[in-house]
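Each remark here refers to the structure printed beneath this line.
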Ligand code: C2E
Ligand code: MG
Ligand code: MG
Ligand code: MG
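Here is the structure:
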């Protein structure tokens, strides 16, 4: 019946639909090639212990080195990879690359890898992780995965099982962007969570909002009581660092301490460095 509304409208509608579809199809094809050609690279950002002052770990953050368009940030392609399922082979590549890179670093430096809910819902994902450890020779205690609250929301049995396998092996599990999703304290009881990463939106408001600051303080206290390591993301100023410390947060991450950088330009992990 659309045809009765006039040819002009119908054809404009058709054209924009097929253009969007075409653009989307092209990105998908490009991402397939990118995987085959290994156009992805990992940059690493340090997590610093607020008490000892040393680098406790690094987070692996993927980038796409596009042959024409240069370096593309993850939020521009991860969602498409999640929708198409390409996140599964990409996630596998990220895991392997991160484990291999970590072998060259001091033993106390843990490598954290972001894991999508799509990966967590794959049967056998936990076993695959253990296989990568066996293959690369990295100790389980040096690996951490970062998952989001949204991954836990759907109550998938497979997710539960994967997390149990991962945790039993000694790989740590961090809850990323804490406080932005459907935060439920029951997750901390139902799932084997070792670390909470308080979302950077809390830190960016902490200096002006007593509430944001109170939430950081409360989560830090919760961490102490439950034996869960707490991290604040997005530390950009010395004042924010001082605030995180004063509230008892265990680790800090942010541009003030380091930007994500390629493995080749990582500074020596100075264990004596005081922040
Ligand atoms: P995330 O896991 O929460 O990672 C932290 C993001 O905050 C990174 O953005 C990092 O560069 C940025 N950041 C760190 N410190 C600061 C700061 O002081 N100020 C500000 N404004 N930002 C800061 P990036 O690298 O663009 O990554 C964005 C998101 O993409 C990540 O958020 C993560 O959810 C996702 N991602 C990255 N790598 C992977 C991956 O290998 N697999 C999956 N599934 N997702 C990934
Ligand atoms: Mg993360
Ligand atoms: Mg995060
Ligand atoms: Mg975040």
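Numbering (full-length UniProt numbering), first residue to last: 267 to 541.
Don't be surprised by glycine CBs; every beta carbon is placed ideally from N, CA and C.
Residue environment, residue i, which counts as buried when at least 16 other CB atoms sit within 10 Å
i, result
"residue 560", "Missing from the structure shown is residue 560; the chain here goes from 267 to 541 and no further."
"residue 530", "exposed"
"residue 267", "Caution applies to residue 267, whose pLDDT of 46 falls short of 50 and renders its modelled position unreliable; the value that the coordinates give is listed next. Exposed: under 16 other Cβ atoms inside 10 Å."
"residue 299", "exposed"
"residue 269", "With a pLDDT of 45 at residue 269, under the threshold of 50, the modelled position of that residue is not reliable, and the figure given next carries that caveat. The residue is exposed, with fewer than 16 neighbouring Cβ atoms inside 10 Å."
"residue 468", "buried"
"residue 287", "exposed"
"residue 352", "buried"
"residue 408", "buried"
"residue 382", "buried"
"residue 363", "buried"
"residue 466", "buried"
"residue 283", "exposed"
"residue 477", "exposed"
"residue 418", "buried"
"residue 507", "buried"
"residue 389", "exposed"
"residue 498", "buried"
"residue 322", "buried"
"residue 485", "buried"
"residue 404", "buried"
"residue 292", "exposed"
"residue 505", "exposed"
Sheet register partners of residue i (DSSP bridge)
i, result
"residue 306", "330"
"residue 528", "309"
"residue 517", "315, 497"
"residue 464", "444, 498"
Beta-carbon proximity of residue i to residue j, cut-off 7 Å
i, j, result
"residue 328", "residue 312", "no"
"residue 509", "residue 472", "yes"
"residue 402", "residue 358", "no"
"residue 314", "residue 518", "yes"
"residue 520", "residue 501", "yes"
"residue 482", "residue 459", "no"
"residue 354", "residue 379", "no"
"residue 394", "residue 414", "no"
"residue 425", "residue 461", "no"
"residue 376", "residue 410", "yes"
"residue 326", "residue 308", "yes"
"residue 435", "residue 406", "yes"
"residue 432", "residue 493", "no"
Boundaries (first-last residue) of the alpha helix (DSSP H) holding residue i
i, result
"residue 414", "Per DSSP, residue 414 belongs to no alpha helix (DSSP H); it is in the beta strand (DSSP E), 409–414."
"residue 459", "Note, residue 459: premise wrong, no alpha helix (DSSP H); not H, not E."
"residue 474", "Neither: residue 474 is in no alpha helix (DSSP H) and is coded neither H nor E."
"residue 510", "504–512"
"residue 429", "423–434"
Range covered by the beta strand (DSSP E) that runs through residue i
i, result
"residue 442", "438–444"
"residue 498", "495–498"
is_contact[residue i, chain C] using C-beta, thresh 7 Å
i, result
"residue 370", "Chain labels in this structure do not include chain C; a single protein chain is all it has."
- Message: Suppose only complete runs of 3+ residues qualify. What are the beta strand (DSSP E) ranges in the stretch 305–391, listed by chain order?
- Response: Runs found: 306–315, 321–332, 336–338, 376–380.
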